[in-house]
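Residues in the sequence shown are numbered from 60 upward in steps of one, following my numbering.
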Amino acid sequence: MTAHAADVPVISGTPPTSVAAGSPYRFQPSAKDPDGKTLSFSVEHKPVWATFSIASGLLEGTPGSWQAGSYSDIIISASNGEYSSTLPPFSVTVEPSSATVEWVPPTENTNGSELGDLAGTRIYYGQSASNLDHVVQVAGPTERSHTIGNLAAGTWYFGCVAYTSDGAESTMSAIVSKHIP
Numbered sequence: 060m061t062a063h064a065a066d067v068p069v070i071s072g073t074p075p076t077s078v079a080a081g082s083p084y085r086f087q088p089s090a091k092d093p094d095g096k097t098l099s100f101s102v103e104h105k106p107v108w109a110t111f112s113i114a115s116g117l118l119e120g121t122p123g124s125w126q127a128g129s130y131s132d133i134i135i136s137a138s139n140g141e142y143s144s145t146l147p148p149f150s151v152t153v154e155p156s157s158a159t160v161e162w163v164p165p166t167e168n169t170n171g172s173e174l175g176d177l178a179g180t181r182i183y184y185g186q187s188a189s190n191l192d193h194v195v196q197v198a199g200p201t202e203r204s205h206t207i208g209n210l211a212a213g214t215w216y217f218g219c220v221a222y223t224s225d226g227a228e229s230t231m232s233a234i235v236s237k238h239i240p
């Protein structure tokens, strides 16, 4: 039997192609049958972190940081029981987890005198507030934020120190934390 355009379901939509680890992903295609028949949906190559509804075609989920990477050749189809239509294959990239640390650069030395040789900020971080065993140096006296990527799941702690051109460091800022799912 040859399908006529009037018999074939129509499916459309533009799925998001990336999601940050720990953030929700959601794609709902639009679909209808020309004769008003009930549609069912199917998916091929569904990402392991996602769920799929055969009743609505909804693809959703929240990937964890350990699931960073690209999930390709995902195909969603709608069927009226006799004919089906398919969206073009697509990929979703799960971006690694990150934390953005923001600070206010100091303007004076601990003795109250004007700070004139600020060279940048060092961000100390780790998975224990008492053991900040990683450091990233942010050069420049006017920088006020930095994003640290590729953080494993768990709670991370961050503290900042300002440093001068001769290497002297300020006291550590208050320690802040962020949970990475």
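Glycine residues also receive a C-beta, built at the ideal position from the N, C-alpha and C atoms.
Note that the structure is a prediction, hence the values are computed from the model and not measured.
Using the C-alpha atoms, what's the distance from residue j back to residue i?
i, j, result
"residue 226", "residue 160", "21 Å"
"residue 229", "residue 162", "13 Å"
"residue 233", "residue 138", "57 Å"
"residue 200", "residue 184", "20 Å"
"residue 146", "residue 130", "16 Å"
Between the Cα of residue i and the Cα atoms of the options, which residue gives the shortest distance?
i, options, result
"residue 67", "76, 97, 108, 78", "97"
"residue 90", "103, 115, 104", "115"
"residue 236", "77, 224, 216, 75", "216"
"residue 92", "77, 125, 140, 132", "140"
"residue 134", "150, 125, 128, 195", "150"
"residue 202", "126, 180, 191", "180"
"residue 191", "197, 125, 220, 148", "220"
"residue 78", "65, 165, 126", "126"
"residue 188", "238, 128, 142, 167", "238"
"residue 75", "166, 153, 94", "153"
"residue 164", "148, 142, 231, 95", "231"
"residue 155", "94, 128, 198", "128"
Beta-carbon within less than 8 Å of residue i's beta-carbon, same chain only, minus the 5 sequence neighbours each way: which residues are those?
i, result
"residue 123", "80, 81, 108, 212, 240"
"residue 195", "181, 182, 184, 205, 207"
"residue 94", "65, 66, 139"
For residue i, which residues in the same chain have their Cβ closer than 7 Å to its Cβ, ignoring the five residues on either side in sequence?
i, result
"residue 144", "67, 68, 69, 70, 136, 137"
"residue 157", "206, 207, 208, 210"
"residue 204", "159, 160, 161"
"residue 197", "179, 180, 182, 205"
For residue i, which residues does DSSP report across the bridge?
i, result
"residue 198", "179"
"residue 142", "Its beta-bridge partners do not exist; DSSP assigns none."
"residue 85", "119"
"residue 208", "157"
"residue 102", "135"
"residue 213", "239"
"residue 129", "152"
"residue 70", "90"
Using C-beta distances below 6 Å, list every residue in its chain close to residue i, excluding the 5 sequence neighbours before and after it, in chain order.
i, result
"residue 60", "Note that residue 60 scores 49 on pLDDT, short of 50, meaning its location in the model is unreliable and no value can be drawn from it."
"residue 111", "102, 105, 118"
"residue 193", "184, 185"
"residue 99", "113, 138"
"residue 72", "88, 89"
"residue 224", "176, 178"
**Asked** Quick one: any contact between the region 170 to 177 and the region 207 to 214, if contact means 3 or more CB pairs under 8 Å?
**Response** no
**Message:** Closer than 8 Å is the cut-off here; do at least three beta carbon pairs connect the region 114 to 128 with the region 69 to 85?
**Reply:** yes
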